[in-house]
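Q: Residue numbers (my numbering), protein chains in the order written: chain W, 1 to 62; chain A, 1 to 62; chain Z, 1 to 62; chain C, 1 to 62; chain P, 1 to 62; chain H, 1 to 62. We treat Cβ as the ideally placed atom computed from N, Cα and C, and that holds for glycine. Have a look at the structure that comes next, please.
Protein chains: 6
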Amino acid sequence: MPTIHIELFEGRTPEQKRDLAKAITEVTVQTLGGSAESVDIIFVDVKRQDWATGGVLWSERK
Amino acid sequence: MPTIHIELFEGRTPEQKRDLAKAITEVTVQTLGGSAESVDIIFVDVKRQDWATGGVLWSERK
Amino acid sequence: MPTIHIELFEGRTPEQKRDLAKAITEVTVQTLGGSAESVDIIFVDVKRQDWATGGVLWSERK
Amino acid sequence: MPTIHIELFEGRTPEQKRDLAKAITEVTVQTLGGSAESVDIIFVDVKRQDWATGGVLWSERK
Amino acid sequence: MPTIHIELFEGRTPEQKRDLAKAITEVTVQTLGGSAESVDIIFVDVKRQDWATGGVLWSERK
Amino acid sequence: MPTIHIELFEGRTPEQKRDLAKAITEVTVQTLGGSAESVDIIFVDVKRQDWATGGVLWSERK
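Now the structure itself:
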């Protein structure tokens with residue numbers, strides 16, 4: 001609490017996720033107070049063929 | 001906005017997801033107004049061994 | 001199964017949700033097969049002050 | 001309804017999920033009433049490299 | 001971790017939620033191991049007018 | 001894409017959410033690249049009586 005879910009296209013590196021988790025935790029604690037240990041972050045990889053915007057899958061967008 | 005998540009059993013073809021994303025976006029715009037580009041749809045494949053109804057996993061239902 | 005979550009700005013009428021649930025269920029059954037009774041749809045109202053795009057809450061966008 | 005999502009680290013056996021789905025369905029029906037068939041449970045496996053607590057991914061915690 | 005979300009019709013009493021949180025935590029620890037403190041449960045109340053099955057909102061089902 | 005959901009105890013001020021949305025969007029763009037406009041953030045307020053840790057609702061924890 002807070003618990004943060006991040007849906008993003010697959011293909012990010014472990015380093016990017018590591019850095020993003022660290023940075024989001026920091027700004028969350030700075031803004032809301034509380035301890036860093038109370039912040040949970042879960043990354044959810046989404047394939048481009050599973051995400052549509054405007055009715056078109058990203059795997060088919062140019 | 002709107003953002004739509006669709007959890008379904010794995011095994012659907014890319015064509016089914018493409019057609020469903022297109023059709024849901026259309027009826028959403030017809031009903032709510034707004035632009036198609038503002039509609040995001042995310043498909044979430046679920047294995048039959050990860051979904052239970054009535055306390056029984058679908059991988060074990062007859 | 002499928003289970004569909006629709007996040008949308010609050011303020012839609014019950015009639016819009018009713019019509020959208022009916023239409024999405026129909027296109028889902030047409031595209032994926034299965035019975036209408038197996039389609040669950042949950043609407044999640046989101047306040048404009050709880051949704052940000054580009055780092056700006058929609059309650060503060062012009 | 002109710003619909004229950006369980007996010008957990010990947011690596012649980014099918015038997016553990018089967019037993020947990022059965023047990024959670026039972027206590028849900030005992031507490032809330034209703035039929036077991038109305039209880040849906042979806043397991044969501046999360047990799048340790050996709051879950052951070054305190055800003056540190058579990059794949060990097062000691 | 002695990003993190004459990006329970007969507008249910010609004011109207012349950014605080015006592016029912018308290019009892020259900022306790023019972024689900026117990027069976028989760030018994031089945032998966034780990035400590036009770038690592039189990040988070042979040043209840044999400046859903047109005048009958050926001051949940052449709054078979055294309056019909058529960059507020060309009062007989 | 002990315003789409004970020006933040007579940008937190010109710011009671012945060014609009015200013016806190018505004019600042020957090022801005023800060024998280026910034027660190028996300030810095031870490032992952034892409035445009036700020038592609039980052040959606042949805043805050044989900046949770047009542048203390050709807051969140052349990054260790055089987056105990058936060059409304060009943062001392």
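By how many angstroms is the C-alpha of P/Thr13 removed from the C-alpha of H/Gly54?
A: If I take the Cα positions, the gap works out to 20 Å.
Q: Counting pairs of beta carbons, one from the stretch 20-27 of chain H and one from the stretch 13-23 of chain P, are three or more of them closer than 8 Å?
A: The stretch 20-27 of chain H is not in contact with the stretch 13-23 of chain P.
Q: Any C-beta of chain H within less than 8 Å: which residues of the stretch 39-58 of chain Z qualify?
A: Answer set for the stretch 39-58 of chain Z: Val46, Gln49, Asp50, Trp51, Ala52, Thr53, Gly54, Gly55, Val56 and Leu57.
Q: By Cβ distance, which residues of its chain are closer than 6 Å to H/Val29, with the 5 residues on each side in sequence left out?
A: Here the set comprises Ala36.
Q: Under 8 Å by Cβ, that's how I've got C/Asp70 and C/Ile4 pegged, so tell me the actual separation to the nearest angstrom.
A: Since the first residue shown for chain C is 1 and the last is 62, residue 70 of chain C is missing from the structure and cannot be characterised.
Q: Looking at Z/Glu10 and Z/Lys47, is the spacing between their C-beta atoms short of 8 Å?
A: Yes, these two residues count as a Cβ contact at 8 Å.
Q: Terminal residues of the continuous alpha helix (DSSP H) containing W/Asp19?
A: Looking at the DSSP string, the run of the alpha helix (DSSP H) that includes W/Asp19 is Pro14 to Leu32.
Q: Using a cut-off of 9 Å between C-beta atoms, extract the partners of Z/Lys17 located in chain P.
A: Within 9 Å Cβ-Cβ: Gln49, Asp50, Ala52 and Leu57.
Q: Quick one: which chain P residues come within Cβ less than 8 Å of H/Glu7?
A: Chain P residues near H/Glu7: Ile42.
Q: A/Glu60 touches chain C at which residues, Cβ-Cβ below 8 Å?
A: Under the 8 Å cutoff, chain C gives Arg18.
Q: By Cβ distance, which residues of its chain are closer than 6 Å to W/Gln73, with the 5 residues on each side in sequence left out?
A: Residue coverage of chain W in this structure runs from 1 to 62, which leaves residue 73 of chain W outside it and unanswerable.
Q: Where does the unbroken beta strand (DSSP E) through W/Val46 begin, and where does it stop?
A: Element bounds for W/Val46: Asp40 to Val46.
Q: Under 8 Å Cβ to Cβ from H/Glu26, same chain only, skipping five residues before and after it: list those, please.
A: Excluding residues within five positions, the ones whose Cβ falls inside 8 Å are Ala36.
Q: Helix, strand or coil: which one does DSSP assign to C/Glu7?
A: C/Glu7: strand per DSSP, three-state reduction.
Q: Can you give me the C-alpha to C-alpha distance between Z/Thr31 and H/Pro2, rounded to a whole angstrom?
A: The straight-line gap from Cα to Cα measures roughly 27 Å.
Q: Give a yes or no on whether 8 Å exceeds the smallest Cβ distance from H/Thr13 to chain A.
A: It does not; no Cβ of chain A falls within 8 Å.
Q: Under DSSP, the beta strand (DSSP E) around H/Ala36 begins and ends at which residues?
A: Run containing H/Ala36: none; DSSP gives neither H nor E here.
Q: Could you list which residues in chain A have their beta carbon closer than 7 Å to that of Z/Ala23, in chain order?
A: Correct list: Val27 and Thr31.
Q: So, for W/Ile42: in the same chain, excluding its five sequence neighbours on each side, which residues have a beta-carbon less than 8 Å away from its beta-carbon?
A: So the qualifying residues of the chain are Thr3, Ile4, His5 and Ile6.
Q: For W/Trp58, name the three-state secondary structure that DSSP assigns.
A: Helix.
Q: May I have the straight-line CA-CA distance separating Z/Ala52 from W/Ala52, to the nearest angstrom?
A: Approximately 19 Å between the Cα atoms of the pair.
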